[in-house]
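Position in the sequence shown counted from 1, then plus 1, gives you the numbering used here. Written below as structure tokens is the structure these notes are about.
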Amino acid sequence: MVQTMSRQIQTDLTINKIKELESKSALDLEIRDNRIDELQRGSEELRRQMQAQQKVIQKQEEQLLKCIDVTKQLLIEKSAMEKKQSRQKCMQNRLRLGQFVTQRQGASFVENWVDGYAFNASHPKTWQFCRGCHGTSTMSKRRF
């Protein structure tokens, strides 16, 4: 009985089984090595793609910075042009409507209002209108 028990516990390894296990382990190692190589190739490909994407991102950031600089320059130019136009319009309005002119009187300076060309042109018409109104009102008073 002792012999049968020990026989049941022990395994019988034959040369065929050993060769079969060796070939199976060699096949498993080859599959594992192939899988490792495949994963390394995939990793390298992903690394290359990442570097390419980083280059694209860097180029786009540079282009964005250039666009921002151009936009700033255009806004500065637009602002300067608007200032010039508003100054020119103010000058035209001052000449048209009138302006304060600083004049020296003795030891001090006095600011006097000088009418612009629009008021100078309208004064005779205003006087004529006022005379017409004044003349009409005196006539209507005489009738009553």
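In this text, a Cβ means the ideal position worked out from N, Cα and C, and glycines have one as well. Owing to the predicted nature of the structure, the values given are computational and were not obtained by experimental measurement.
- Taking a C-beta distance under 9 Å as the contact criterion, TRP114 and GLN129 do not qualify as a contact pair.
- Linking ASN35 to THR72 through their CA atoms gives a straight-line distance of about 55 Å.
- C-alpha of VAL57 to C-alpha of ILE69: approximately 18 Å in a straight line.
- Taking C-beta atoms as the reference points, ALA122 and LEU98 fail to come closer than 9 Å.
- Residue pairing for ARG105: DSSP places it in a beta bridge opposite PHE110.
- In the three-state reduction of the DSSP assignment, GLY99 falls in the strand class, which pools E and B.
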